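Inspection log for the structure reproduced underneath, given as structure tokens.
Number of protein chains: 2
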Amino acid sequence: MISHPRSEYRQTADVIRRRIESGDYSRGHTLPREDLLAAELGVNRATVNRALRILAAEGLVQATRGKGTEVTRLSPIERAVPFRYSHQARHRDDGRGAFDAEVAARGMTPHSEVTVSRASPPGTVTAVFGADPGAAVAVVRSRRMYADDVPVQLADSYIPLDIAGGTALETGDTGPGGMLSRLADLGHAQVRMSERVTTRPPFPDEAEFLNLTGDHRVYAITHVGWDAAGLAVEVCMHVMPAHLWVLEYSWPVD
Amino acid sequence: MISHPRSEYRQTADVIRRRIESGDYSRGHTLPREDLLAAELGVNRATVNRALRILAAEGLVQATRGKGTEVTRLSPIERAVPFRYSHQARHRDDGRGAFDAEVAARGMTPHSEVTVSRASPPGTVTAVFGADPGAAVAVVRSRRMYADDVPVQLADSYIPLDIAGGTALETGDTGPGGMLSRLADLGHAQVRMSERVTTRPPFPDEAEFLNLTGDHRVYAITHVGWDAAGLAVEVCMHVMPAHLWVLEYSWPVD
DNA sequence: GAGTGGTCTAGACCACAGA
DNA sequence: CTGTGGTCTAGACCACTCG
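Here the protein sequences come in this chain order: A and B.
Numbering of the first sequence is given in this note's numbering, commencing with residue 1264 and proceeding in unit increments.
Numbering of the second sequence is given in this note's numbering, commencing with residue 1264 and proceeding in unit increments.
Here's what the structure looks like:
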């Protein structure tokens, strides 16, 4: 099944996209009503609606029932890995995490909320912890992150209870150097990390928090940190709108 | 704009998805015609069509005008980085590249076609080569890759002409150890690599080759290799259907 | 209550696959 | 030529925002 570039709704999307990119409709501006656009472009409103769905899925606009369709293009945020976990980054500015620096680098104001609890990790996470009996229950650090008050990421960190229980990892603020340093203090310095990147539609709760539709895609990243003993000491599930992020990986050869 | 899970077309998609996952409709099987599904489920054909679009975008089915809608779920292929560029992987089996191993690991048969030419690289690539005057023209190695004859990846490698011109890099087969080893032979051993991962709808030519629609997403990965002198010696643009691949990155801490 | 997008239906016609 | 999905239209009603 091939993309048919000639269909009217695609052409309509192209017209509107060009108007946005040329500045006819600028950031924060509300587009004309769908029926007016339809009349102007000589197509049915359903066609305009379908065209706007494409642009919404690309993150160019955001439609709200009852209000209108607003231009929302944000320049994507860069997430540099493994730099964000490096010693250098951790001590760049104590107390601020990698996320804060990433958002600030884009000229936006970061903000995040942390919730700490204890729970049984989901299956994907227990699979990583393996047979470790101390990980049947984990300390969960859930973060909701914003850039200029726009929600841009969800992250749930799981640390086995027998490692994190009753430690500074169960407090809201993990202090200088963050979780990585606290785990090191506890004798679980991480020597190796991995990330598994996938893309999928958002789950309903994710869609609600991140303000997405089923047409959007999120990066679902499973981040794992291992200590010198080969034990998985932290698993973190990141979920972020794919159109808002660029992932940068860098490594030495061999 | 929130995902409204109650809309009929989403529920219809859920019903059909469940039938696929439960095996009612199995891999390679053709679904009932849209009008029959519509009649069975008590909705309009347009609703079924919209539901099938969702499943197609997820890579679960593939619709072909004139033929029908087929179940096509493939288990995703794992691309392990930086392992695929490591000395170990390069010598695992001489003559077979990382892609071949990745596909074989999924029990499928890899196949690829290479075209070698000379051309001016696109802007995104020249930006990486920077002011390097020897890179105004580059040797381009274009690969089209298949798993069980299904197209699964496009990759265009650019090497500055003053490095690759007239060398083994302009031949179809780069020999044992591949391009990396040939570049090393030429005095440009790579010491550092980076990848920049983004997600977007496919371009028309990509959609045609990879059999995608505008609802699909591809990973667009810019891979760069630097030699000891800090010169970018190879830039490769990978394009692959996002639902067919999982990206695995791994690195030592600090 | 008015404004605006989200969804659904019925009907029609087109484009492409395949006999 | 027939089968099947892709798209478009006209019209309708619903759901949510905001004054």
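A virtual CB, placed ideally from N, CA and C, is assigned to each residue, including glycine.
Computed from a prediction, not measured in an experiment: that's the story for all the values here.
Per the coordinates, the alpha-carbon of Gly1331(A) lies some 53 Å from the alpha-carbon of Met1442(B).
Sixteen is the threshold: since fewer than 16 other Cβ atoms of the shown chains lie within 10 Å of the Cβ of Thr1372(A), the residue is exposed.
Sequence-distant partners of Asn1312(A) (beyond 5 residues in either direction) whose C-beta falls short of 7 Å from its own C-beta, in its chain, are Glu1297. Secondary structure at Thr1275(B): helix, using DSSP grouped into helix, strand and coil.
The beta carbon of Glu1365(B) does not come within 8 Å of any beta carbon belonging to chain A, so the residue lies off that interface. Counting C-beta atoms within 10 angstroms of its own C-beta, Ser1420(B) has 16 or more neighbours from the protein chains shown and is therefore classed as buried. The Cβ of Met1456(A) sits closer than 8 Å to at least one Cβ of chain B. Going by beta carbons, Arg1353(B) and Gly1440(B) fall inside the 8 Å limit. A check of alpha carbon separations from Thr1485(B) across Ala1401(B), Arg1342(B), Trp1508(B) and Ala1418(B) identifies Ala1418(B) as the nearest.
Residue burial annotation: Thr1275(B) is buried, with at least 16 other C-beta atoms found within 10 angstroms of its C-beta.
For the 8 Å CB-CB criterion, Ala1495(B) and Phe1392(B) form a contact. Within the segment 1345-1356 of chain B, those residues whose Cβ lies closer than 8 Å to any Cβ of chain A are, in chain order, Pro1345, Tyr1348, Ser1349 and His1350. Residue state for Pro1295(B) is assigned as coil, using DSSP reduced to three classes. The alpha carbon of Ser1457(A) has as its nearest neighbour, out of Thr1476(B), Val1502(B), Arg1407(B) and Val1344(B), the alpha carbon of Val1344(B). Within the same chain, and ignoring the five residues on either side of Gly1360(B) in sequence, the residues whose Cβ sits closer than 7 Å to its Cβ are Gly1441. Residue contact check for Ser1513(B) against chain A: a CB pair falls below 8 Å. Cβ-Cβ separation between Val1400(A) and Leu1424(A): approximately 5 Å, consistent with a contact (criterion under 8 Å). Listed in chain order, the alpha helix (DSSP H) runs fully inside the segment 1298-1356 of chain A are 1308-1320 and 1350-1353, counting runs of at least 4 residues.
Annotation: Cβ neighbours of Gln1453(A) in chain B (cutoff 7 Å, chain order): Val1516. Annotation: Cβ neighbours of Arg1273(A) in chain B (cutoff 9 Å, chain order): Gly1477. Pairwise C-beta distances place the segment 1467-1481 of chain A in contact with the segment 1496-1512 of chain A, as three or more of them are shorter than 8 Å.
Leaving aside the five residues that flank Val1379(B) on each side, the residues in its chain whose CB is nearer than 6 Å to its CB run, in chain order, Arg1404 and Glu1433. Comparing alpha-carbon positions, the option among Leu1304(B), Thr1293(B) and Tyr1512(B) lying closest to Val1278(B) turns out to be Leu1304(B). In the three-state reduction of the DSSP assignment, Arg1455(B) falls in the strand class, which pools E and B.
Here the alpha carbons of Val1366(B) and Phe1346(B) stand approximately 15 Å from one another. Distances from the alpha-carbon of Val1402(A) to those of Pro1414(A), Leu1446(A) and Asp1411(A) put Leu1446(A) closest.
Proximity of Leu1510(B) to chain A, defined by a Cβ-Cβ separation below 8 Å, is satisfied. If you compare the alpha carbons of Gly1488(B), Trp1508(B) and Leu1507(B) with that of Tyr1512(A), the shortest gap goes to Gly1488(B). At a cut-off of 8 Å between beta carbons, Thr1462(A) contacts chain B. Sequence-distant Cβ neighbours of Arg1407(B) in its own chain, meaning closer than 7 Å and more than five residues away, are Ser1375, Glu1376, Pro1414, Leu1417 and Phe1472. Taking a contact as a CB-CB distance under 8 Å, the pair Arg1336(A) and Pro1515(B) does not count as one, their CB atoms being some 37 Å apart.
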